[in-house]
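Everything on this sheet refers to the single structure shown next.
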């Protein structure tokens, strides 16, 4: 390597000097020739050392350039990783806030559901009997204790929406249903009841002997006998069923 070359040059120079000093007895021509030979050898060694140094210098510069590029690449990767970490932390913070907001909203929804379920339980008794019977399967799915329910929000909302939908539909139409009613001395007769939505209802028995009015009372749906309504109620039922031509029928309406 370069160090060996330098040693050779140094030894050559020392040898040349020693030879010159020790050969004073030689002729001037021989002395000159020997000196030139030593000088030429020294120059050759210097040239070789210089060439080797230039070659090594280029290799070292290339290595330095490669290492510099690697350092720059690593620096960029570190900076990118730091940015990704910062972005991930920001995203995590956003998700935490969103989760908090969702839980707060869900808590409000559950609070509203508890109130709605409690109201539904209270509403059931005030609905017309045929509507109550139709909605019994839905009412049975409402938790007995809304505050202790473990059902999901979706499971709890479905029956409430279904009940309200059916109640609204019933309230928009006239409904006639057949049933039985018990009168004096335990006598049970078949009747037909007319419901004008949730507002009022009337009944008349098939023998056209009894009639009455049904309204929503303080304890639920209440019936009041009024046999004077037999003719009007029967006429309405026949018109509804299409067995009688349409005409004006007067029925009393109670406004609470």
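In mature numbering (1 follows the signal peptide of the UniProt record, and there is no 0), the protein residues as written are -25 to -1, 1 to 231. Every residue, glycine too, gets a C-beta built ideally from N, C-alpha and C. In this text, all values refer to a predicted model and were calculated from it rather than measured experimentally.
Open item on the list: Runs of 3 residues minimum, wholly inside the region 108 to 185: which ones carry the beta strand (DSSP E) assignment?
Closed with: If only uninterrupted beta strand (DSSP E) runs of at least 3 residues are considered, those enclosed by the region 108 to 185 are 149 to 157, 163 to 171, 175 to 180.
Task: Among 98, 100, 138, nearest to residue 112 - alpha-carbon criterion - done: 138
Open item on the list: With distance defined between alpha-carbon atoms, name the residue in 129, 94, 149, 122 nearest to residue 114.
Closed with: 94
Open item on the list: Distance check for residue 73 and residue 67, CA to CA, integer angstroms please.
Closed with: 10 Å
Open item on the list: For the pair the region 167 to 179 and the region 121 to 133, tell me if three or more CB-CB distances fall below 8 Å.
Closed with: no
TODO: Go through its chain and collect everything with a Cβ distance to residue 178's Cβ below 6 Å, but skip five positions before and after it.
DONE: Hits under 6 Å: 166, 168, 187.
Open item on the list: Given a cut-off of 9 Å on the beta-carbon distance, is the pair residue 189 and residue 206 in contact?
Closed with: no
Task: Straight-line Cα distance separating residue 152 from residue 105 - done: 8 Å
Task: Simplified DSSP state of residue 197, which is helix, strand or coil - done: strand
Task: Within 9 Å, strictly: CB atoms of residue 148 and residue 215 - done: no
Open item on the list: Can you give me the C-alpha to C-alpha distance between residue 146 and residue 61, rounded to a whole angstrom?
Closed with: Residue 146 and residue 61: Cα-Cα distance of roughly 59 Å.
- [ ] Would you tell me roughly how many angstroms separate the C-alpha atoms of residue 142 and residue 71, rounded to the nearest one?
- [x] 41 Å
Task: For residue 10 and residue -5, the rounded distance between their alpha carbons - done: In this prediction, residue -5 has a pLDDT of 44, which is less than 50 and means its spatial position is unreliable; nothing more can be read from the coordinates.
TODO: Whole angstroms is fine: what's the gap from residue 219's alpha carbon to residue 88's?
DONE: 47 Å
- [ ] Mind checking who residue 191 pairs with in its DSSP beta bridge?
- [x] 196
Task: Classification of residue 159 by the beta-carbon crowding that lies within 10 angstroms, buried from 16 upward - done: exposed
Task: Own chain, CB closer than 6 Å to residue 180, minus 5 neighbours either side, in chain order - done: 164, 166
- [ ] Just mark residue 20 as buried or exposed, buried being the case when its beta carbon has 16 or more other beta carbons within 10 Å.
- [x] buried
Task: Collapsed DSSP secondary structure at residue 222 in the structure displayed - done: coil
Open item on the list: Quick check on residue 102: does DSSP put it in helix, strand or coil?
Closed with: Correct three-state label for residue 102: coil.
- [ ] Report the option in 107, 59, 44, 86 whose CA atom is closest to the CA atom of residue 121.
- [x] Comparing Cα positions, the closest option is 86.
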